[in-house]
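Data first, discussion second: the structure below is written as structure tokens.
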Amino acid sequence: DTEVTQTPKHLVMGMTNKKSLKCEQHMGHRAMYWYKQKAKKPPELMFVYSYEKLSINESVPSRFSPECPNSSLLNLHLHALQPEDSALYLCASSQGQGAGELFFGEGSRLTVL
Amino acid sequence: LAKTTQPISMDSYEGQEVNITCSHNNIATNDYITWYQQFPSQGPRFIIQGYKTKVTNEVASLFIPADRKSSTLSLPRVSLSDTAVYYCLVGDGSARQLTFGSGTQLTVLP
Numbered sequence: 102d103t104e105v106t107q108t109p110k111h112l113v114m115g116m117t118n119k120k121s122l123k124c125e126q127h128m129g130h131r132a133m134y135w136y137k138q139k140a141k142k143p144p145e146l147m148f149v150y151s152y153e154k155l156s157i158n159e160s161v162p163s164r165f166s167p168e169c170p171n172s173s174l175l176n177l178h179l180h181a182l183q184p185e186d187s188a189l190y191l192c193a194s195s196q197g198q199g200a201g202e203l204f205f206g207e208g209s210r211l212t213v214l
Numbered sequence: 212l213a214k215t216t217q218p219i220s221m222d223s224y225e226g227q228e229v230n231i232t233c234s235h236n237n238i239a240t241n242d243y244i245t246w247y248q249q250f251p252s253q254g255p256r257f258i259i260q261g262y263k264t265k266v267t268n269e270v271a272s273l274f275i276p277a278d279r280k281s282s283t284l285s286l287p288r289v290s291l292s293d294t295a296v297y298y299c300l301v302g303d304g305s306a307r308q309l310t311f312g313s314g315t316q317l318t319v320l321p
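From first to last, the protein sequence lines stand for chains A and B. In terms of our numbering, the first sequence opens at residue 102 and continues consecutively. In terms of our numbering, the second sequence opens at residue 212 and continues consecutively.
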């Protein structure tokens, strides 16, 4: 299994809602990542977890809250988002942080109304 | 921070070889060079990674000169399905290696 699975594929939420994006991999990878991608822009790194501990937070606003319950799962909790947060949210994993290939999921398309 | 510079866009025709060059003048000793391909509304896909000289796999070759200040991704005999954005990443496993540059939009024409 070389897949990173993200759910939901599409999410529409209001600015007062609380929602979560989920990411799962079963490749035994110990590093997992969240990226945000706006249209026609490159992916922007948000968070990195290494061995289930947060190792990199690229100064992301606190309305985005990551969680890594175990080595296979990565969540991104969303609360009080703004319309400008609408984007494709990509999850990735790798054997170790920065080690070799990043495996990306298909992404979750988020629209904030 | 090893910033990367790539052409914004390139056009090619089916069956041709395409070379996309990435400049990384401030590359550090421990930095690796990695290339990804991304189709619209999909996650990026790893193509190839190298440190120096030449690396080849089943889909591409990566050429890195001795000074390592640039690298060239070579795609042999492209097809329409190779139309995508190609990103060059440079880094050592810290956040730098995980930061995408602006990428090159490759359009393959029939």
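C-beta: ideal position from N, C-alpha, C; glycine also.
Find out if the Cβ-Cβ distance for the pair residue i, residue j is shorter than 8 Å.
{"i": "valine 209/A", "j": "methionine 133/A", "result": "The question names valine, yet the displayed sequence has serine at residue 209/A. No. Outside cutoff."}
{"i": "cysteine 233/B", "j": "threonine 215/B", "result": "yes"}
{"i": "isoleucine 238/B", "j": "tyrosine 247/B", "result": "no"}
{"i": "glutamate 225/B", "j": "serine 313/B", "result": "no"}
{"i": "leucine 309/B", "j": "valine 161/A", "result": "no"}
{"i": "serine 156/A", "j": "glutamine 126/A", "result": "no"}
{"i": "glycine 254/B", "j": "glutamate 207/A", "result": "yes"}
{"i": "phenylalanine 205/A", "j": "valine 113/A", "result": "no"}
{"i": "valine 319/B", "j": "threonine 294/B", "result": "yes"}
{"i": "glutamine 107/A", "j": "cysteine 192/A", "result": "yes"}
{"i": "leucine 211/A", "j": "aspartate 186/A", "result": "yes"}
{"i": "proline 143/A", "j": "phenylalanine 311/B", "result": "yes"}
Under 8 Å by Cβ, that's how I've got residue i and residue j pegged, so tell me the actual separation to the nearest angstrom.
{"i": "lysine 137/A", "j": "glutamate 145/A", "result": "5 Å"}
{"i": "histidine 235/B", "j": "valine 301/B", "result": "5 Å"}
{"i": "leucine 179/A", "j": "lysine 120/A", "result": "5 Å"}
{"i": "glutamine 217/B", "j": "threonine 315/B", "result": "5 Å"}
What does residue i pair with, by DSSP beta-bridge criteria?
{"i": "tyrosine 247/B", "result": "Phe257/B and Tyr298/B"}
{"i": "arginine 210/A", "result": "His111/A and Leu189/A"}
{"i": "isoleucine 231/B", "result": "Leu284/B"}
{"i": "isoleucine 157/A", "result": "Val149/A"}
{"i": "lysine 324/B", "result": "The question about residue 324/B has no answer here: the residues shown for chain B are numbered 212 through 321."}
{"i": "valine 105/A", "result": "Gln126/A"}
{"i": "methionine 221/B", "result": "Leu317/B"}
Buried or exposed for residue i, going by 16 or more other Cβ atoms inside 10 Å?
{"i": "serine 292/B", "result": "exposed"}
{"i": "leucine 214/A", "result": "exposed"}
{"i": "proline 276/B", "result": "exposed"}
{"i": "alanine 188/A", "result": "buried"}
{"i": "aspartate 242/B", "result": "buried"}
{"i": "serine 252/B", "result": "exposed"}
{"i": "serine 151/A", "result": "buried"}
{"i": "methionine 116/A", "result": "exposed"}
{"i": "alanine 271/B", "result": "buried"}
{"i": "arginine 288/B", "result": "exposed"}
{"i": "proline 184/A", "result": "exposed"}
Comparing the C-beta of residue i with each C-beta of chain C, is any distance below 8 Å?
{"i": "valine 149/A", "result": "Here chain C cannot be found, since the structure's protein chains are A and B."}
Inset, instruction - Report yes or no: do the region 169–181 of chain A and the region 226–237 of chain B share at least 3 C-beta pairs separated by less than 8 Å? - result: no
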